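S.K.: Here it is, the structure, as structure tokens.
Residue numbers (the numbering used here), protein chains in the order written: chain A, 70 to 545; chain B, 431 to 916.
Laid out in structure tokens, this is it:
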């Protein structure tokens, strides 16, 4: 039987507000344990929450970016459970009236087509602290620095059909929140986390199978692996006439297997009720319009513009708009050099290869946009050949000097002086009498060999067009 | 001197008839003498009180004149006070010293008042007799075999026995008004949101409100002047301008429309109390007010709705007392669950546990609609009842409590205790300002009259109470066992 997977994702994104959601404490990553926790974060008796408006604005911004309905009246609720890193004994979240309602985003499929994935809702909530189970000799340490940081939980509709689509969705979300500058969304540091819901059903069926949930998966690759592993596990069970149990499973990326979590770890009745310490948040059209005015150009719009404005392929435009940094980099180079095609080739080719090889972020690249622009300009004005350009690029990775200085100091300047080229051509003709004869007898292909010889003689610096032209002229 | 009102003391202080240090010493001496038999204070701050008094005297010498400057007062032990133990009447906080001041506490500090100490209360303000305190029951100065009412019983007993000039309290279902009634005092619960709740340990967040327990309505106005106002630290504090609450005290009551709810003069009301309220109404008639019978048709639902909403909120509010970061932690827990269970079982008293269980139940899956949601609906109905009533009348008057102070240990059934607040609870559910004013005594025990008005109309409430006190002297009557020289 052919099976179809039904996948829904719940993504938590840490909002990059200056202070926490309710307490006014600075929201920073990596500080000494419990140094960024004030009396509210410690849930001292008598303390009360006061909403950080910046978090609300960021959530609205996200909602507008995915074309969602914005909740004009959102209500915070308490989600009750006991855990030492949850100091109040409840988490403040939004249950029935989230700030962001139904919206959607588009992902690109392998066949080049686009698919809309519905987003059920996105709500604002506070993060818990961290429990540290090592180094405390049979006890647990609690770090409340993270406690109360604002999160946006983004819930997708169960419209994702494969692990690949799930990753494409995640990457799109990642791009959007980074474009919006509302989160750094770094999965490795937990500022973007993903819970995955998976069920399978016979292809063509409209009924939903029993789903399982895997929580807190922290990389795109692990999401892909976890989903594939879970699809396979459910398929094996069903093909063996078994039944899938609805449960929360823990995915072990190293062994690529999952195991059920003890029922105690998730069998909670959260006893949600409206948070009486906060009034419902009411926003009007003027507020929403003001936020809308701050929206940057988003990945889809930018991609369409790149295709139009710079005549890029859909693929290149997609690669170049994957992150806002990359898009800005490309546009700086394209405009500075006046050659979008070359800029796109360099950025998606050589530059991307170097970034991948060294596992660098764009900001870490030793070749920033201004230097690549200069390199392309020197190729375009024939100071160097395209081939020497590659050499210069390699040097630029090691040497921070100006492009012109590198070309000059390493003697990489293209030879365009016609007398120098003439002497090269003469030498080649003199040394290769046989091939010259063949050319004269009409064997065009030999010309390439002779040009190659001249280039070799010049150590690649001669202008190949000039060499070609002169050779032809002299052999006529 | 110690029997005087704040307004009178303030005048004496400004005329230099007495210094704040002398006054503070006088109260401290009385606390030393009488607190043993009343148990009104959990903590007495002798040293810091004298320091503050000396500072107030210096400030006065330097030209400062605020009405509360140098006035010795006491705070209910529900308000966090930096560096001073704050217990909320519970074992679970018996060793807790707050690292910060509640907004109410800091406002009084800024006004130059002297904090004599922290008063006893029902544990987490859950009770109507002050018998649930971990620190033992408070006794009523009018008759020490009787309860002072609750939950602000310590504050009421302290003011009634002249152990302080005035005190703060909190009122979630009647916890200022009922003890004021039982102790012959003037107690004000302002509109919800009028006073910041920052630093006031939460019982039921949507109902809790701070207020003063005083010897007169004028004092209540002076206290409210200092306590009222929006606070960015409390999102539920109201952005409504603060008035000078003394400004309208002397307005005439000619033409005032007083509503008498039929439902508050029905079965369960003792004859002595009813008679006292009727006599008080005669005073108002003479002052030109009109008395109109009104209906609060859903009043009978208020206690039930309250005992869903308040415990539900409390069940979450009290989750933070888990033995992890502060307060009581059980001895040598074997694991996390053991620590939670034993710290909370050993740290909370029976009434608190009862309400946590009721609240947890009311919010649990499958019961939410039947309890919490329904209670919220009733709450809206009760608010509507008051809204309709205030279309016809300016103020609603009735008894604060069905009877006078009862004996310690007399009410062992929790439901009977809950019904203590039958006349006051609706006001909290509706968020309205309410007041209790002494209007008589029955068999030597004070009777309180309950006054309620519309949202943020505290000035009118205080005006109506003050006019009564200008024409009677019930508020001047003291518990004889503790009067000066006794």
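Each residue gets a CB set at the ideal place from its N, CA and C atoms; glycine is no exception. Please read these numbers as outputs of a predicted model, since none were measured by experiment.
Taking 8 Å as the cut-off, does the segment 448-459 of chain A touch the segment 481-489 of chain A (at least 3 CB pairs, one atom from each stretch)?
M.R.: As far as the Cβ criterion goes, the segment 481-489 of chain A touches the segment 448-459 of chain A, which means the pair count is three or higher.
S.K.: Just to confirm, are residue 600 of chain B and residue 649 of chain B a CB contact at a threshold of 7 Å?
M.R.: On the second chain, position 170 is the one that residue 600 of chain B refers to. On the second chain, position 219 is the one that residue 649 of chain B refers to. Against a cut-off of 7 Å, the Cβ pair of residue 649 of chain B and residue 600 of chain B comes out as no contact.
S.K.: Using DSSP's beta-bridge definition, name the partner residues of residue 75 of chain A.
M.R.: Here residue 75 of chain A refers to the residue found at position 6 of the first chain. Bridge partners of residue 75 of chain A: A:268.
S.K.: Would you kindly report the start and end of the unbroken beta strand (DSSP E) that includes residue 305 of chain A?
M.R.: Within the first chain, the letter at position 236 stands for residue 305 of chain A. First-last for residue 305 of chain A: 289-308, but that is the alpha helix (DSSP H), not the beta strand (DSSP E).
S.K.: Is residue 225 of chain A closer than 7 Å to residue 188 of chain A when the C-beta atoms are compared?
M.R.: Mapped onto the first chain, residue 188 of chain A falls at position 119. Mapped onto the first chain, residue 225 of chain A falls at position 156. Going by C-beta atoms, residue 188 of chain A is nearer than 7 Å to residue 225 of chain A.
S.K.: Could you spell out where the beta strand (DSSP E) holding residue 407 of chain B opens and where it closes?
M.R.: Because chain B here runs from 431 to 916, residue 407 of chain B falls outside it and cannot be looked at.
S.K.: Going by DSSP in three states, residue 916 of chain B sits in which element: helix, strand or coil?
M.R.: Here residue 916 of chain B corresponds to residue number 486 of the second chain, with the count starting at 1. With a pLDDT of only 48 at residue 916 of chain B, under the threshold of 50, the placement of this residue in the model should not be trusted; the figure read from the coordinates follows. Of the three classes helix, strand and coil, the one that applies to residue 916 of chain B here is coil, per DSSP.
S.K.: Just how far apart, CA to CA, sit residue 726 of chain B and residue 673 of chain B?
M.R.: Residue mapping note: residue 726 of chain B aligns to position 296 of the second chain, counting from 1. Residue mapping note: residue 673 of chain B aligns to position 243 of the second chain, counting from 1. Here the C-alpha atom of residue 726 of chain B lies approximately 29 Å from the C-alpha atom of residue 673 of chain B.
S.K.: Got a sec, what are the start and stop residues for the alpha helix (DSSP H) residue 399 of chain A sits in?
M.R.: For the purposes of this step, residue 399 of chain A is taken as residue 330 along the first chain, with counting starting at 1. Looking at the DSSP string, the run of the alpha helix (DSSP H) that includes residue 399 of chain A is 393-406.
S.K.: Of the residues B:689, B:632, B:681, which one's Cα is nearest the Cα of residue 666 of chain B?
M.R.: The sequence position of residue 666 of chain B within the second chain is 236, counting from 1. The residue with the shortest Cα to Cα distance from residue 666 of chain B is B:632.
S.K.: Would residue 499 of chain B and residue 542 of chain B qualify as a contact pair, given that the criterion is a beta-carbon distance under 7 Å?
M.R.: Looking up residue 499 of chain B in the second chain gives position 69. Looking up residue 542 of chain B in the second chain gives position 112. Yes, the pair counts as a contact, with Cβ atoms nearer than the cut-off.
S.K.: In whole angstroms, give me the CA-to-CA distance for residue 509 of chain A and residue 536 of chain A.
M.R.: One-based indexing of the first chain puts residue 509 of chain A at position 440. One-based indexing of the first chain puts residue 536 of chain A at position 467. CA-CA distance, residue 509 of chain A to residue 536 of chain A, rounds to 17 Å.
S.K.: With residue 440 of chain B and residue 502 of chain B assumed to form a contact (beta carbons below 8 Å), what rounded beta-carbon distance in angstroms separates them?
M.R.: Counted from its first residue, the second chain places residue 440 of chain B at position 10. Counted from its first residue, the second chain places residue 502 of chain B at position 72. Between residue 502 of chain B and residue 440 of chain B the Cβ distance is about 12 Å, and since that is not below 8 Å, they are no contact.
S.K.: Restricting to Cα atoms, I'd like to know which of B:838, B:597, B:617 is closest to residue 578 of chain B.
M.R.: Taking the second chain and counting its residues from 1, the one referred to as residue 578 of chain B is at position 148. Selected option, being the one with the closest Cα: B:838.
S.K.: Any idea if residue 205 of chain A is buried or exposed, counting beta-carbon neighbours within 10 angstroms, 16 or more meaning buried?
M.R.: Walking along the first chain from the start, residue 205 of chain A turns up at place 136. It is exposed - the Cβ of residue 205 of chain A has fewer than 16 other Cβ atoms within 10 Å.
S.K.: Assuming the contact rule is C-beta atoms closer than 8 Å, residue 641 of chain B and residue 619 of chain B should be a hit. Round their C-beta distance to whole Å, please.
M.R.: Sequence index remark: in the second chain, residue 641 of chain B carries index 211 (1-based). Sequence index remark: in the second chain, residue 619 of chain B carries index 189 (1-based). Residue 641 of chain B to residue 619 of chain B, Cβ: 5 Å. Contact.
S.K.: With distances taken from CA atoms, which of A:128, A:387, A:289, A:287 is nearest residue 361 of chain A?
M.R.: The residue labelled residue 361 of chain A in the question sits at position 292 within the first chain. It is A:128 whose Cα lies nearest to the Cα of residue 361 of chain A.
S.K.: Looking only at its own chain, which residues have a Cβ that is under 8 Å from the Cβ of residue 73 of chain A, when we skip the five neighbours before and after it?
M.R.: Looking up residue 73 of chain A in the first chain gives position 4. Excluding positions up to five away in sequence, the list reads 230, 269, 270, 271, 272, 273, 274.
S.K.: Under 8 Å Cβ to Cβ from residue 813 of chain B, same chain only, skipping five residues before and after it: list those, please.
M.R.: One-based indexing of the second chain puts residue 813 of chain B at position 383. Here residue 813 of chain B has 859, 860, 861 as same chain residues with Cβ atoms under 8 Å from its own Cβ, once five neighbours each way along the sequence are excluded.
S.K.: Buried or exposed: which applies to residue 671 of chain B, given that a residue is buried once 16 or more other Cβ atoms fall within 10 Å of its Cβ?
M.R.: Here residue 671 of chain B refers to the residue found at position 241 of the second chain. Counting Cβ neighbours within 10 Å, residue 671 of chain B comes out exposed, since fewer than 16 surround it.
S.K.: Going along chain A in order, which residues have a C-beta closer than 8 Å to the C-beta of residue 754 of chain B?
M.R.: Translated into positions along the second chain, residue 754 of chain B becomes position 324. Here the neighbours are 153, 156, 211.
S.K.: So is residue 539 of chain A buried or exposed if we call it buried at 16+ other beta carbons inside 10 Å?
M.R.: Indexing the first chain from 1 puts residue 539 of chain A at position 470. Classification of residue 539 of chain A: buried, given that the 10 Å Cβ count is 16 or more.
S.K.: Would you mind telling me which residues of chain B sit closer than 8 Å to residue 140 of chain A, beta carbon to beta carbon, in chain order?
M.R.: Locating residue 140 of chain A in the first chain gives position 71, counting from the first residue. What residue 140 of chain A touches in chain B: nothing, since even the nearest Cβ is about 18 Å away.
S.K.: In angstroms with no decimal places, state the Cα-to-Cα distance between residue 892 of chain B and residue 141 of chain A.
M.R.: What you label residue 892 of chain B is simply residue 462 of the second chain in a count that begins at 1. What you label residue 141 of chain A is simply residue 72 of the first chain in a count that begins at 1. Distance between the alpha carbons of residue 892 of chain B and residue 141 of chain A is about 39 Å.
S.K.: Would you call the segment 794-814 of chain B and the segment 733-753 of chain B touching, i.e. three or more CB-CB distances under 8 Å?
M.R.: yes
S.K.: For residue 730 of chain B, which of helix, strand or coil comes out of DSSP?
M.R.: Start at 1 with the first residue of the second chain, and residue 730 of chain B comes out as number 300. The answer is helix: DSSP assigns residue 730 of chain B an H, G or I state.
S.K.: Identify, in the order they occur along the chain, each residue of the same chain with its Cβ nearer than 7 Å to the Cβ of residue 153 of chain A, setting aside the five sequence neighbours on each side.
M.R.: Translated into the one-based positions of the first chain, residue 153 of chain A becomes position 84. The residues are 200, 209, 211.
S.K.: Below 8 Å on the Cβ atoms is my contact criterion, and I expect residue 550 of chain B with residue 534 of chain B to pass it. Report the Cβ-Cβ distance as a whole number of Å.
M.R.: Mapped onto the second chain, residue 550 of chain B falls at position 120. Mapped onto the second chain, residue 534 of chain B falls at position 104. Actually they do not touch by this definition, with Cβ atoms about 18 Å apart.
S.K.: Strictly by DSSP, which residues pair up with residue 320 of chain A?
M.R.: What you label residue 320 of chain A is simply residue 251 of the first chain in a count that begins at 1. Residue 320 of chain A pairs with A:327.
S.K.: What are the boundary residues of the beta strand (DSSP E) that includes residue 864 of chain B?
M.R.: Locating residue 864 of chain B in the second chain gives position 434, counting from the first residue. For residue 864 of chain B, the enclosing beta strand (DSSP E) stretches over residues 864-872.
S.K.: Just to confirm, is the Cβ distance from residue 263 of chain A to residue 245 of chain A under 7 Å?
M.R.: In the first chain, the residue the question calls residue 263 of chain A occupies position 194. In the first chain, the residue the question calls residue 245 of chain A occupies position 176. No, the pair does not count as a contact, with Cβ atoms beyond the cut-off.
S.K.: In the DSSP output, which residue or residues are listed as bridge partners for residue 503 of chain B?
M.R.: One-based indexing of the second chain puts residue 503 of chain B at position 73. In DSSP, residue 503 of chain B forms a bridge with B:545, B:596.
S.K.: In terms of residues, what are the limits of the alpha helix (DSSP H) holding residue 162 of chain A?
M.R.: Counting from one through the first chain, the residue named residue 162 of chain A turns up at place 93. It is not in any alpha helix (DSSP H) - residue 162 of chain A instead sits in the beta strand (DSSP E) that spans 159-162.
S.K.: Is the separation between the beta-carbon of residue 241 of chain A and that of residue 176 of chain A shorter than 7 Å?
M.R.: As a first step, residue 241 of chain A is located in the first chain; it is residue number 172 there, counting from the start. As a first step, residue 176 of chain A is located in the first chain; it is residue number 107 there, counting from the start. At the C-beta level, residue 241 of chain A and residue 176 of chain A come within 7 Å of one another.
S.K.: Looking at the C-beta of residue 576 of chain B, does it have a partner C-beta in chain A at a distance below 7 Å?
M.R.: Position 146 of the second chain, counted from the first residue, corresponds to residue 576 of chain B. No - not a single Cβ of chain A is within 7 Å of the one on residue 576 of chain B.
S.K.: With residue 876 of chain B as the anchor, note down where its beta strand (DSSP E) starts and where it stops.
M.R.: Residue 876 of chain B sits at position 446 when you count from the first residue of the second chain. Its beta strand (DSSP E) spans residues 875-882.
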